[in-house]
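Under this note's numbering, the first residue of the sequence shown is numbered 73, with each subsequent residue one higher.
Every residue, glycine too, gets a C-beta built ideally from N, C-alpha and C.
All figures in this text were calculated on a predicted structure; none of them were measured in a lab.
Quick notes on the structure that follows.
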Amino acid sequence: MQSELVSSAMLQLPNASVTPAYLEFFNSTEWELVHSIIPPYIFTVCLTGILGNVLVLVVFLLQGSRWSVPEIYLGNLVLADLLLLVCLPFWALNILNYFMWSYGEIMCKVVHLSINVNMYTSVYMLVMVNVDRYLAFALTTKAMWLRRKSYAKFICVVLWLFGVGMGAPTVCIQKPKDIPAHQAVECHLDYPNTSWKLAHLLQLNLVGFVLPLLVITFCCVSIIRALKQRRHIGYWEDRNDKKATVLVCAVTLLFLICWGPFHFVTLIDLLCDLNVLDENEWSHFLNIGRHCSLYLAFSNSCLNPALYVCSGKYFKRKVSSIYNRRKRSVLTSATTANQIEPVDT
Numbered sequence: 073m074q075s076e077l078v079s080s081a082m083l084q085l086p087n088a089s090v091t092p093a094y095l096e097f098f099n100s101t102e103w104e105l106v107h108s109i110i111p112p113y114i115f116t117v118c119l120t121g122i123l124g125n126v127l128v129l130v131v132f133l134l135q136g137s138r139w140s141v142p143e144i145y146l147g148n149l150v151l152a153d154l155l156l157l158v159c160l161p162f163w164a165l166n167i168l169n170y171f172m173w174s175y176g177e178i179m180c181k182v183v184h185l186s187i188n189v190n191m192y193t194s195v196y197m198l199v200m201v202n203v204d205r206y207l208a209f210a211l212t213t214k215a216m217w218l219r220r221k222s223y224a225k226f227i228c229v230v231l232w233l234f235g236v237g238m239g240a241p242t243v244c245i246q247k248p249k250d251i252p253a254h255q256a257v258e259c260h261l262d263y264p265n266t267s268w269k270l271a272h273l274l275q276l277n278l279v280g281f282v283l284p285l286l287v288i289t290f291c292c293v294s295i296i297r298a299l300k301q302r303r304h305i306g307y308w309e310d311r312n313d314k315k316a317t318v319l320v321c322a323v324t325l326l327f328l329i330c331w332g333p334f335h336f337v338t339l340i341d342l343l344c345d346l347n348v349l350d351e352n353e354w355s356h357f358l359n360i361g362r363h364c365s366l367y368l369a370f371s372n373s374c375l376n377p378a379l380y381v382c383s384g385k386y387f388k389r390k391v392s393s394i395y396n397r398r399k400r401s402v403l404t405s406a407t408t409a410n411q412i413e414p415v416d417t
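Below you can see the structure in the form of structure tokens.
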């Protein structure tokens with residue numbers, strides 16, 4: 073079976089025909105579980121994720137111009153998560169409707185693009201925030217000029233354009249398609265040929281996971297080595313800087329845990345298409361794995377805000393600082409108003 077990974081917002085189907093293994097899946101107990109459990113799960117992820125990410129974004133925005141370089145990247149990561157979360161309800165409704173897509177071709181492309189942009193933008197925002205921690209701890213004063221906020225903002229713009237660029241090719245072939253065997257019109261990736269699919273899966277694995285993972289691993293190993301050297305020579309560390317680094321590492325680890333299975337299933341699908349693995353033996357795994365791995369990946373956008381809030385004093389100090397500044401501002405305004413209040417004669 074040409075089993076295709078769900079890298080878009082709707083279920084992927086084989087290009088040539090709907091195979092018996094595919095139809096068997098939709099008549100199986102696993103499909104009934106998907107249909108009954110996944111929509112409520114997605115709605116829960118969307119609701120909690122949107123509320124949590126909006127809270128974190130508001131906290132960041134209320135800091136005004138006081139964003140640090142890591143917070144610039146993390147703030148953009150929050151925006152990428154929100155982009156995905158506002159489009160996911162269409163996915164849940166589509167599953168409830170037995171994959172009968174009824175929202176038109178434009179929304180089919182938009183929902184697909186939101187997932188691609190979220191994946192690529194998120195992982196490379198995490199790459200850059202790890203690079204920033206590497207520059208701060210491993211290179212210290214030698215790389216201070218590379219850690220300017222203006223550079224970080226420019227890089228964020230480039231990464232957003234990069235995310236759109238990575239998702240654009242498949243958007244061109246993402247469209248509603250009538251599937252007679254399933255009696256449905258599905259939002260479908262209609263690859264022109266096998267080469268398109270192979271290129272897409274290679275792009276997902278290499279650009280979307282392997283390359284970022286190599287950079288992140290190098291940065292994390294270098295940071296740990298630098299921290300050990302500082303501790304050995306008794307170097308006094310900025311506690312806020314260290315806590316920010318711990319938060320960055322936790323967010324990165326969460327991303328790898330949530331998106332790792334998705335890319336593993338992508339790799340299995342690619343190896344099947346290259347005839348390295350037997351498609352018949354792996355078809356059931358791919359049918360189940362592509363669903364479960366992608367829904368786990370979605371949860372990353374919901375769990376990130378919880379990680380920020382649970383990170384301890386780092387996030388609480390941000391909220392406390394904003395509250396105190398606002399309180400002082402209100403008191404100052406009230407005092408000034410009393411001082412200039414005209415005297416009745």
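Tell me, which residues are paired with residue i by DSSP?
| i | result |
| --- | --- |
| P248 | C259 |
Taking the alpha helix (DSSP H) that residue i belongs to, which residues open and close that run?
| i | result |
| --- | --- |
| V195 | G176 to Y206 |
| V243 | K221 to V243 |
| L274 | T266 to L274 |
Does the distance from the CB of residue i to the CB of residue j come in under 9 Å?
| i | j | result |
| --- | --- | --- |
| L379 | L326 | yes |
| Y170 | G239 | no |
| L233 | L342 | no |
| S365 | V323 | no |
| G147 | P248 | no |
| S371 | L156 | no |
| V150 | C118 | no |
| W163 | K221 | no |
| I295 | R205 | yes |
| A369 | C330 | yes |
| I340 | L349 | yes |
| V236 | V189 | yes |
| Y145 | L198 | yes |
| M203 | C321 | Contrary to the premise, residue 203 reads as Val rather than Met in this sequence. Their beta carbons are not under 9 Å apart, which means V203 does not touch C321 by this criterion. |
| A256 | D250 | yes |
| L207 | H107 | no |
| M200 | L231 | yes |
Under 8 Å by Cβ, that's how I've got residue i and residue j pegged, so tell me the actual separation to the nearest angstrom.
| i | j | result |
| --- | --- | --- |
| W173 | C259 | 4 Å |
| R219 | V287 | With 8 Å as the limit, R219 and V287 do not qualify as a contact, their Cβ atoms being about 17 Å apart. |
| L299 | F209 | 6 Å |
| D345 | K269 | 7 Å |
| P284 | G124 | Incorrect: roughly 24 Å between the Cβ atoms, too far for contact. |
| V195 | G280 | 6 Å |
| L154 | I178 | 20 Å between Cβ atoms; not a contact. |
| I114 | L160 | 5 Å |
| L276 | H363 | Not a contact, Cβ separation roughly 16 Å. |
| C180 | Q246 | 6 Å |
Cβ of residue i within 8 Å of any heavy atom in the ligand ADP?
| i | result |
| --- | --- |
| L319 | Of the ligands one can find in the structure shown there are none, so the ligand ADP has no counterpart to examine. |
Enumerate, from N- to C-terminal direction, the unbroken alpha helix (DSSP H) stretches of 4 or more residues contained entirely within the region 132-168.
-> 141-168
In chain order, which continuous runs of the alpha helix (DSSP H) of length 4 or greater are located wholly inside the region 278-345?
-> 283-305 and 311-345
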